[in-house]
Amino acid sequence: QKEVEQNSGPLSVPEGAIASLNCTYSDRGSQSFFWYRQYSGKSPELIMSIYSNGDKEDGRFTAQLNKASQYVSLLIRDSQPSDSATYLCAVLEGGYQKVTFGTGTKLQVIP
Amino acid sequence: DTEVTQTPKHLVMGMTNKKSLKCEQHMGHRAMYWYKQKAKKPPELMFVYSYEKLSINESVPSRFSPECPNSSLLNLHLHALQPEDSALYLCASSPGTGVSGEQYFGPGTRLTVT
């Protein structure tokens, strides 16, 4: 069973701070990695994808990938109360047959 | 049109009922997915359709029967469900020629089995 692991949280950060969300995966053949945001009672929404080692920035979001360490992270700068949600890490398994979701990290941004 | 729609939003059904969930997208995506999500858990893949053909069935019980009538529509037929099948059922689609992690989710159908 290929695994994607996240700390379930909740991760509490003050408004304006940087939130750091982490994810590790077991399948060394994985090449594609994704972050989804899910508000309570809503469906997941894709916010970032990353395919190469290093950083990828999109607005206040930065995804970081280290394939050697099998580690993906998401940084949210200038966190806002509206960022309060569960963040799901997702990994496309080697062979491109299936996406496995992590259990999610609940983020709370305190005003 | 950049959204995935699902109907109904809510469904309550008895264990002897037959019902169907419907999903529609008009983004030209050729891969479509059904997921089941229980509270405080991640989405759990049920089925994948690629080019209207079933490509993945994650050992889902036969009381769930998927159907892909055309490239825009995906149905999930339900029969003789159990109370533990109560969950949020999510449909998603993705661009490209096969399974992708860049998935666009519909709002879901919240199913309660009584």
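Respectively, the protein sequence lines represent chains A and B.
Positions 1270 to 1380 (our numbering) are the ones given, in order, by the first sequence.
Positions 272 to 385 (our numbering) are the ones given, in order, by the second sequence.
Backbone N, C-alpha and C fix where the C-beta goes; we use that ideal spot for every residue, glycine too.
Just so you know, these numbers come straight off a predicted model, no measurement behind them.
| query | result |
| --- | --- |
| Cβ pair S291 (chain B), L349 (chain B) closer than 9 Å | yes |
| Proximal residues of chain A, C-beta to C-beta of Q374 (chain B) below 9 Å | F1303, Y1305, P1313, L1315, A1359 and V1368 |
| Contacts that G377 (chain B) makes with chain A (C-beta to C-beta distance below 9 Å) | S1312 |
| DSSP bridge partner residues for E338 (chain B) (one or two, in chain order) | B:N346 |
| Contact with chain A by S330 (chain B), beta-carbon distance below 9 Å | no |
| Partner residues on chain A for P314 (chain B), Cβ-Cβ distance less than 7 Å | P1313 and F1370 |
| Where L361 (chain B) falls, given that 16 or more other Cβ within 10 Å makes a residue buried | buried |
| Any 3 or more C-beta pairs closer than 8 Å across the segment 1354-1365 of chain A and the segment 1291-1299 of chain A | yes |
| Of the residues B:S333, B:K312 and B:Y320, the one placed nearest C294 (chain B), counting alpha carbons only | B:Y320 |
| Which listed residue (B:T385, B:T383, B:T380 and B:Y375) has its alpha carbon closest to that of F1303 (chain A) | B:Y375 |
| Residue of A:I1345, A:Q1377, A:C1292 and A:D1347 minimising C-alpha distance to Q1339 (chain A) | A:C1292 |
| Identity of the residues DSSP links to S1301 (chain A) by a beta bridge | A:L1361 |
| Cβ of V370 (chain B) within 9 Å of any chain A Cβ | yes |
| Simplified DSSP assignment, three categories, for S321 (chain B) | strand |
| Environment of Y322 (chain B) [buried if 16+ CB atoms lie within 10 Å] | exposed |
| V1368 (chain A) burial status per 10 Å Cβ neighbour count (16 or more: buried) | buried |
| Under 7 Å from the C-beta of L361 (chain B): neighbouring residues of chain A | S1312 |
| CA nearest to the CA of P366 (chain B), picked from B:V384, B:P314 and B:M303 | B:M303 |
| Euclidean distance between Cα positions of P337 (chain B) and T380 (chain B) | 15 Å |
| is_contact[G1373 (chain A), chain B] using C-beta, thresh 9 Å | yes |
| Reduced DSSP secondary structure (H/G/I, E/B, other) of D356 (chain B) | helix |
| 9 Å Cβ cutoff, S1318 (chain A) in contact with chain B | yes |
| Endpoints, beta strand (DSSP E) assigned at R381 (chain B) | T380 to V384 |
| Exposed unless 16 or more other CB atoms sit within 10 angstroms - verdict on M1317 (chain A) | buried |
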